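Presented below is the structure to which this report refers.
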Amino acid sequence: MRIKELRKLSDEDLEKKLNELKLELLKERGNVEMGGNVKNPGKIRVIRRDIARILTLKREKGK
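No gaps in the numbering here: position 6 of the sequence shown is 15 in our numbering, and each next residue is one more.
Right, dumping it as structure tokens:
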């Protein structure tokens, strides 16, 4: 997601999106640890960056 798209979301929507991304990251990491077939190896990196964007945005709004 782009930061412009995230800025348009409400605080509740940001929290919901953050929880979804954390769950998705957990599933992807679990799949890798179990030796499963990885369809998109860059997906974990993208998810981590999206989580960081949301956390940064939440911190900016808090100040």
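Ideal Cβ positions, reconstructed from N, Cα and C, are used throughout, including at glycine. Since the structure is predicted, the reported quantities are computational estimates derived from the model, not experimental observations.
Taking Asn28 as reference, the option from Ile56, Val41, Lys72, Lys70 with the minimal CA-CA separation is Ile56.
The count of Cβ pairs closer than 8 angstroms, one atom from the stretch 62–71 and one from the stretch 39–51, stays below three, leaving the stretches out of contact.
Asn40: member of the alpha helix (DSSP H) spanning 20–42, first to last residue. If you look at Arg62, you'll find it in the alpha helix (DSSP H) that goes 52–71. Here Leu34 is near Ile60, since their CB atoms are less than 9 angstroms apart.
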